[in-house]
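Take a look at the structure set out below.
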Amino acid sequence: MSASAQEVNNLINQEYKQGFVTELETNTFPPGLDESVIHKLSKIKNEPEFMLEYRLKAFRHWQTMKSPKWAFVDFEPIDYQSISYYSAPKRKEDGPKSLDEIDPQVLEAYKKLGIPLDEQERLAGVAVDAVFDSVSVATTFKGKLKDVGVIFCPISEALREHPELVKQYLGSVVPHTDNYFAALNAAVFTDGSFVYIPKGVRCPMELSTYFRINAANTGQFERTLIIADEGSHVSYLEGCTAPMRDENQLHAAVVELVAMKDAVIKYSTVQNWYPGDKNGLGGIYNFVTKRADCRGDNSKVSWTQVETGSAITWKYPSCVLTGDNAVGEFYSVALTNNYQQADTGTKMIHIGKNTRSTIVSKGISAGKAQNTYRGLVKVLKSAENARNYTQCDSLLVGDKCGAHTFPYIEVKQPSAQVEHEATTSKISEDQLFFCQQRGLSAEDAVSMIVNGFCKEVFKELPMEFAVEAQALLGLSLEGSVG
Amino acid sequence: MLSIKNLHVSVGDKPILKGINLEINAGEIHAIMGPNGSGKSTLSHILSGKSGYTVTEGSVTYQGKELLEMPPEIRAREGVFLAFQYPVEIPGVSNIYLLKAALNSIRKHHGQSEVDAMDFLTLVKGKVRLLEMDEKFLYRAVNEGFSGGEKKRNEILQMAILEPKLCILDETDSGLDIDALKIVSEGVNSLRSTDRAFVMVTHYQRLLDYIKPDYVHVLANGQIVKSGGAELALELEEKGYSWLEDNQVAA
Ligand SMILES: Nc1ncnc2c1ncn2[C@@H]1O[C@H](COP(=O)(O)OP(=O)(O)OP(=O)(O)O)[C@@H](O)[C@H]1O
Ligand SMILES: [Mg+2]
Numbered sequence: 000m001s002a003s004a005q006e007v008n009n010l011i012n013q014e015y016k017q018g019f020v021t022e023l024e025t026n027t028f029p030p031g032l033d034e035s036v037i038h039k040l041s042k043i044k045n046e047p048e049f050m051l052e053y054r055l056k057a058f059r060h061w062q063t064m065k066s067p068k069w070a071f072v073d074f075e076p077i078d079y080q081s082i083s084y085y086s087a088p089k090r091k092e093d094g095p096k097s098l099d100e101i102d103p104q105v106l107e108a109y110k111k112l113g114i115p116l117d118e119q120e121r122l123a124g125v126a127v128d129a130v131f132d133s134v135s136v137a138t139t140f141k142g143k144l145k146d147v148g149v150i151f152c153p154i155s156e157a158l159r160e161h162p163e164l165v166k167q168y169l170g171s172v173v174p175h176t177d178n179y180f181a182a183l184n185a186a187v188f189t190d191g192s193f194v195y196i197p198k199g200v201r202c203p204m205e206l207s208t209y210f211r212i213n214a215a216n217t218g219q220f221e222r223t224l225i226i227a228d229e230g231s232h233v234s235y236l237e238g239c240t241a242p243m244r245d246e247n248q249l250h251a252a253v254v255e256l257v258a259m260k261d262a263v264i265k266y267s268t269v270q271n272w273y274p275g276d277k278n279g280l281g282g283i284y285n286f287v288t289k290r291a292d293c294r295g296d297n298s299k300v301s302w303t304q305v306e307t308g309s310a311i312t313w314k315y316p317s318c319v320l321t322g323d324n325a326v327g328e329f330y331s332v333a334l335t336n337n338y339q340q341a342d343t344g345t346k347m348i349h350i351g352k353n354t355r356s357t358i359v360s361k362g363i364s365a366g367k368a369q370n371t372y373r374g375l376v377k378v379l380k381s382a383e384n385a386r387n388y389t390q391c392d393s394l395l396v397g398d399k400c401g402a403h404t405f406p407y408i409e410v411k412q413p414s415a416q417v418e419h420e421a422t423t424s425k426i427s428e429d430q431l432f433f434c435q436q437r438g439l440s441a442e443d444a445v446s447m448i449v450n451g452f453c454k455e456v457f458k459e460l461p462m463e464f465a466v467e468a469q470a471l472l473g474l475s476l477e478g479s480v481g
Numbered sequence: 000m001l002s003i004k005n006l007h008v009s010v011g012d013k014p015i016l017k018g019i020n021l022e023i024n025a026g027e028i029h030a031i032m033g034p035n036g037s038g039k040s041t042l043s044h045i046l047s048g049k050s051g052y053t054v055t056e057g058s059v060t061y062q063g064k065e066l067l068e069m070p071p072e073i074r075a076r077e078g079v080f081l082a083f084q085y086p087v088e089i090p091g092v093s094n095i096y097l098l099k100a101a102l103n104s105i106r107k108h109h110g111q112s113e114v115d116a117m118d119f120l121t122l123v124k125g126k127v128r129l130l131e132m133d134e135k136f137l138y139r140a141v142n143e144g145f146s147g148g149e150k151k152r153n154e155i156l157q158m159a160i161l162e163p164k165l166c167i168l169d170e171t172d173s174g175l176d177i178d179a180l181k182i183v184s185e186g187v188n189s190l191r192s193t194d195r196a197f198v199m200v201t202h203y204q205r206l207l208d209y210i211k212p213d214y215v216h217v218l219a220n221g222q223i224v225k226s227g228g229a230e231l232a233l234e235l236e237e238k239g240y241s242w243l244e245d246n247q248v249a250a
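First to last, the protein sequences are chains A and X.
According to numbering that gives the first Met the number 0, the stretch in the first sequence is residues 0 to 481, in order.
According to numbering that gives the first Met the number 0, the stretch in the second sequence is residues 0 to 250, in order.
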């Protein structure tokens, strides 16, 4: 493929398009973490007392824990004292009441990312919560949603305005003791989205959160909580980007979903954190705990993720299928290029009768990247007639990358049916040559083959996201052949 | 259109083509025959730009340009088409998607706009009918699970849609049943025109009954050892190749 090597080299050096930094006046804590930082954080957010206590409890627990070592990823130990735990654009006392009060630089940044916060300019039908470093800077269509009883706001605001709701559900799916990064998040989370869909309401528009890391030497600790009450429906999307920096930055999020009886939650992610440069310098450590509790009978949660960014991804969006007939789904595309590492998958815990789960995982590895699927299907004694279907496919681009699959299956109920299929394939020279012989460039050929490979997952994404995801995949693969 | 001069090609340090000379003009049909392993596919690959070969001597010009210096996708966009002896499968990518992507990249190269979706469908369906294929093939993944003969027919479908200038068919006839051979041959014949040339690699006279060549060349041991008209193929059918190879050794 020497003919296209030059072309490939040019592409490799293309910039990560969201890699810009916004110059701002900020309010940033000095680096370091101890109980006084947590007091300060809780105070600046004007939180109810129970929240401070919860944070401190989590912090104390975290200090007894060790960073997990079991994932198939490799990184230098993180110095938690060198990170700043709060950074926000400077603003007036209670936060902006309208877009006019938001720093125009921040608005500009979102515009550049293709997420205009002005409601007139937005795609009708998608409400956005924009989280910039440690704070939510704007939430659109709040009024329209409120008319039907939907609460969609920053979690910091929910803590002030709906403390009872938050208190009831926060930590009920991912307890503060769950794992190292979840404990840290419980102690220091700064913002994220809160969603409550009341009984019987079908949310009239897609809800979305756009996470942006801007400040250097900070961590982003986002917390999202979505509650779908009986018989309600919601589709939620999240997107993420960060500037290009030589230092690694930590993003440790927790997302909790609760689906009551007959409720349906569809949660889609397009993760495009800065992946580091082609030599593996810099990039985001994306250590995330996402879990859904299908608490009520006939409830359904569907996770769809397209993970193309981050230096390291450690993430297992899971479903606890508590209610009878509950359904959990996980559709994932994880792409790693250059020196990126991903250890991602899901857990499906079957507790209720007739619970069903589907797992479709597509891992793509290019360059010198490592891509691991790790999944657990657990069927408890109580889960009569539980069914799981898992399909786990890996695609290799080139011969310096790796794909690994670790499926764990634990079945305690004899009537359960668990099926697992796995394939590994490689984009062959012959396939590339065939496509080139038909007039396609090697890059376009790889992108076409990869998109074909991911089709089953893309069809689960909402329309606008599917298009974005395809484009992103093409971009992330640039420089992968040669 | 195509001029091959003293072409020597090796794989590693093993010489495979040892001085090929061939002139092909627009409108002509050339058949290339010869024993297994004589270098026919290698020649097809070299012309279409497959990597892994080293040209040690000689040159190839195509429409006045140095063909060997062009990347494979540029050759394709400039009208060089290879119907593969062993077409590859591309899981997940539908036939129709590939066809559209290919056609558009060729159009773009010639400064044309992307093909209109309706026009494209009309074009494709017309060619599918011409080759008596089932429309379902359009929506299946490229060659995945196709029978040997279906794959070959699919190659000709692509050729019919992309309308190349230089069509190289590497053993398109092998694997086709008698009826399919006839249909595919008719498809090829419908593409014959004064500004298009064909190079057909084949082992059998049968194909040449349907598509009458202007020239027949025998490739043996990396060289063209004999060239003639359509009647040469009949002679080969009768006598085999050994009398030619003996000649070659003597020469
Ligand atoms: N990559 C390679 N490595 C080693 N030898 C090769 C390679 N490619 C081709 N050859 C050799 O070159 C010779 C010519 O092969 P080629 O495929 O061109 O023959 P052919 O005339 O098309 O034969 P057939 O009629 O069987 O299709 C054969 O001896 C083959 O083994
Ligand atoms: Mg051959």
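All C-beta atoms in this analysis are idealised placements derived from N, C-alpha and C, irrespective of residue type, glycine included.
**Study point:** Contact with chain A by X:F83, beta-carbon distance below 8 Å
**Key:** On the second sequence, position 84 is the one that residue 83 of chain X refers to. So, interface residue.
Point to revise | Other residues of its chain near X:V10: CB distance less than 7 Å, five sequence neighbours each side excluded | key: Within the second sequence, the letter at position 11 stands for residue 10 of chain X. If we look at X:V10 and ignore the five residues flanking it on each side, its Cβ neighbours are G51, Y52.
Review point. My guess is that A:E229 and A:A181 are in contact by the Cβ rule of under 8 Å, so how many angstroms apart are they, rounded?
Key: Here residue 229 of chain A corresponds to residue number 230 of the first sequence, with the count starting at 1. Here residue 181 of chain A corresponds to residue number 182 of the first sequence, with the count starting at 1. Between A:A181 and A:E229 the Cβ distance is about 27 Å, and since that is not below 8 Å, they are no contact.
**Study point:** Neighbour-count burial assignment, A:G142, 16 or more Cβ in a 10 Å radius
**Key:** Reading the first sequence from its first residue, position 143 is the one you call residue 142 of chain A. Per the 10 Å Cβ criterion, exposed.
Check your understanding: From what residue to what residue does the alpha helix (DSSP H) around X:I177 run?
Key -> In the second sequence, the residue the question calls residue 177 of chain X occupies position 178. 177 to 190 is the span of the alpha helix (DSSP H), which, as asked, contains X:I177.
**Study point:** Contact belief for A:G279 with A:N337 at Cβ below 8 Å, rounded distance in angstroms
**Key:** Within the first sequence, the letter at position 280 stands for residue 279 of chain A. Within the first sequence, the letter at position 338 stands for residue 337 of chain A. Yes, A:G279 and A:N337 are in contact; Cβ-Cβ is about 6 Å, under 8 Å.
Point to revise | Neighbouring residues, chain A, relative to X:I105 (Cβ below 7 Å) | key: Locating residue 105 of chain X in the second sequence gives position 106, counting from the first residue. Counting only Cβ-Cβ distances below 7 Å, X:I105 has contacts in chain A at G438, in chain order.
Review point. Nearest CA to the CA of A:I37: which residue from A:F220, A:N450, A:F286, A:P316?
Key: Residue 37 of chain A sits at position 38 when you count from the first residue of the first sequence. Nearest C-alpha to A:I37: A:F220.
Check your understanding: Would the C-beta of X:E170 count as close to ligand 2, meaning under 7 Å from any of its heavy atoms?
Key -> Numbered from 1 along the second sequence, position 171 holds the residue referred to as residue 170 of chain X. Indeed, a heavy atom of ligand 2 lies less than 7 Å from the Cβ.
Review point. Closer than 7 Å, Cβ to any Cβ of chain A: which residues of the stretch 187 to 217 of chain X, in chain order?
Key: none
Practice item. Using a Cβ cut-off of 7 Å, pull out every chain X residue sitting near A:F452, in sequence order please. Key: Counting from one through the first sequence, the residue named residue 452 of chain A turns up at place 453. Here the neighbours are G91.
Review point. Using CA coordinates, which residue listed in A:L471, A:E459, A:A468, A:I448 is at the minimum distance from X:V92?
Key: Within the second sequence, numbered from 1, the residue matching residue 92 of chain X stands at position 93. Comparing Cα positions, the closest option is A:I448.
Review point. Within the 8 Å Cβ cut-off, does A:M462 reach chain X?
Key: On the first sequence, position 463 is the one that residue 462 of chain A refers to. No, no contact with chain X.
Point to revise | Close-in-space but distant-in-sequence residues of the same chain around A:V173 (CB under 7 Å, 5 per side omitted) | key: As a first step, residue 173 of chain A must be located in the first sequence, where it is residue number 174. Excluding positions up to five away in sequence, the list reads A181, V253, E255, T288, R290.
Check your understanding: With A:A368 and A:A185 assumed to form a contact (beta carbons below 8 Å), what rounded beta-carbon distance in angstroms separates them?
Key -> Looking up residue 368 of chain A in the first sequence gives position 369. Looking up residue 185 of chain A in the first sequence gives position 186. Rounded, the Cβ-Cβ distance is 31 Å, inconsistent with contact.
**Study point:** X:Q84: first and last residue of the uninterrupted alpha helix (DSSP H) it sits in
**Key:** Residue mapping note: residue 84 of chain X aligns to position 85 of the second sequence, counting from 1. X:Q84 -> no alpha helix (DSSP H), and no H or E assigned at all.
Review point. Under three-state DSSP, which class holds X:L21?
Key: Along the second sequence, read from residue 1 onward, the residue named residue 21 of chain X stands at position 22. Three-state DSSP puts X:L21 in a strand.
Check your understanding: Would you say X:S241 faces chain A, with C-beta separation under 8 Å as the test?
Key -> Looking up residue 241 of chain X in the second sequence gives position 242. Closer than 8 Å: no.
**Study point:** Distance between A:R373 and X:I89 (C-alpha atoms, nearest Å)
**Key:** By 1-based counting over the second sequence, the position of residue 89 of chain X is 90. By 1-based counting over the first sequence, the position of residue 373 of chain A is 374. Those two C-alpha atoms are separated by around 27 Å.
Review point. Can you list, in chain order, the stretches of the beta strand (DSSP E) that have 3 or more residues and sit fully within the stretch 394 to 437 of chain A?
Key: 401 to 410, 416 to 425
Check your understanding: Can you list, in chain order, the residues of its chain whose CB lies under 7 Å from that of X:N188, leaving out five sequence neighbours each side?
Key -> Along the second sequence, read from residue 1 onward, the residue named residue 188 of chain X stands at position 189. Correct list, in chain order: I210.
Review point. So the beta strand (DSSP E) A:F131 belongs to, where does it begin and stop?
Key: Here residue 131 of chain A corresponds to residue number 132 of the first sequence, with the count starting at 1. A:F131 -> beta strand (DSSP E) spans 125 to 131.
**Study point:** Own chain, CB closer than 6 Å to X:I28, minus 5 neighbours either side, in chain order
**Key:** For the purposes of this step, residue 28 of chain X is identified with residue 29 of the second sequence, where counting begins at 1. Excluding residues up to 5 positions away in sequence, F197, P212, D213 lie with their Cβ nearer than 6 Å to the Cβ of X:I28 in the same chain.
Practice item. Spatial neighbours of A:N9 within its chain, please: CB distance less than 6 Å, with the 5 preceding and 5 following residues excluded, ordered by chain position. Key: Here residue 9 of chain A refers to the residue found at position 10 when the first sequence is read from its first residue. Low per-residue confidence applies at A:N9: pLDDT is 38, beneath 50, and the placement is therefore not dependable enough to give any value.
Check your understanding: Interface residues of chain X around A:I448 at Cβ under 8 Å?
Key -> Residue mapping note: residue 448 of chain A aligns to position 449 of the first sequence, counting from 1. Simply I89, G91, V92.
**Study point:** Interface partners of X:A75 on chain A, CB under 7 Å
**Key:** Taking the first residue of the second sequence as position 1, residue 75 of chain X is located at position 76. Simply Q435, Q436, R437, G438.
Point to revise | Cross-strand partners of A:C453 (DSSP beta bridge) | key: If you number the first sequence from 1, residue 453 of chain A lands on position 454. According to DSSP, which records beta bridges pairwise, A:C453 is partnered with nothing at all.
Practice item. For X:I15, verify whether its CB is less than 7 Å away from any heavy atom of ligand 1. Key: The residue given as residue 15 of chain X occupies position 16 in the second sequence. Short note on X:I15: C-beta closer than 7 Å to some heavy atom of ligand 1.
Review point. For ligand 2, is there a heavy atom less than 7 Å away from the beta-carbon of X:Q111?
Key: Within the second sequence, residue 111 of chain X is the residue found at index 112, counting from 1. Every heavy atom of ligand 2 is 7 Å or more from the Cβ of X:Q111, so no.
Check your understanding: What in chain X is Cβ-close to A:Q412, meaning under 7 Å?
Key -> Taking the first sequence and counting its residues from 1, the one referred to as residue 412 of chain A is at position 413. Those do not exist, as A:Q412 stays about 35 Å from chain X at its closest Cβ, beyond 7 Å.
Check your understanding: Taking 7 Å as the cut-off, does the CB of X:K150 come closer than this to any heavy atom belonging to ligand 2?
Key -> Within the second sequence, residue 150 of chain X is the residue found at index 151, counting from 1. X:K150 Cβ: outside cutoff for every heavy atom of ligand 2.
Practice item. Could you confirm whether any beta carbon from chain X is found closer than 8 Å to the beta carbon of A:F486? Key: This structure leaves residue 486 of chain A out entirely; chain A is present only between 0 and 481.
**Study point:** Of the listed residues A:A126, A:T176, A:L375, A:T422, nearest to A:T63 (C-alpha basis)
**Key:** Within the first sequence, the letter at position 64 stands for residue 63 of chain A. Checked all of A:A126, A:T176, A:L375, A:T422; the closest Cα to A:T63 is A:T176.
Check your understanding: Within this structure, are the beta carbons of A:L224 and A:S267 separated by less than 8 Å?
Key -> Within the first sequence, residue 224 of chain A is the residue found at index 225, counting from 1. Within the first sequence, residue 267 of chain A is the residue found at index 268, counting from 1. Against a cut-off of 8 Å, the Cβ pair of A:S267 and A:L224 comes out as no contact.
Practice item. Kindly identify the DSSP beta-bridge partner or partners of A:E205. Key: On the first sequence, residue 205 of chain A is found 206 positions in, with the first residue counted as 1. Paired residues: A:V125.
**Study point:** ligand 1 heavy atom lying under 7 Å from the CB of X:K181
**Key:** Stepping through the second sequence from its first residue, residue 181 of chain X is reached at position 182. No, Cβ of X:K181 sits at least 7 Å from all heavy atoms of ligand 1.
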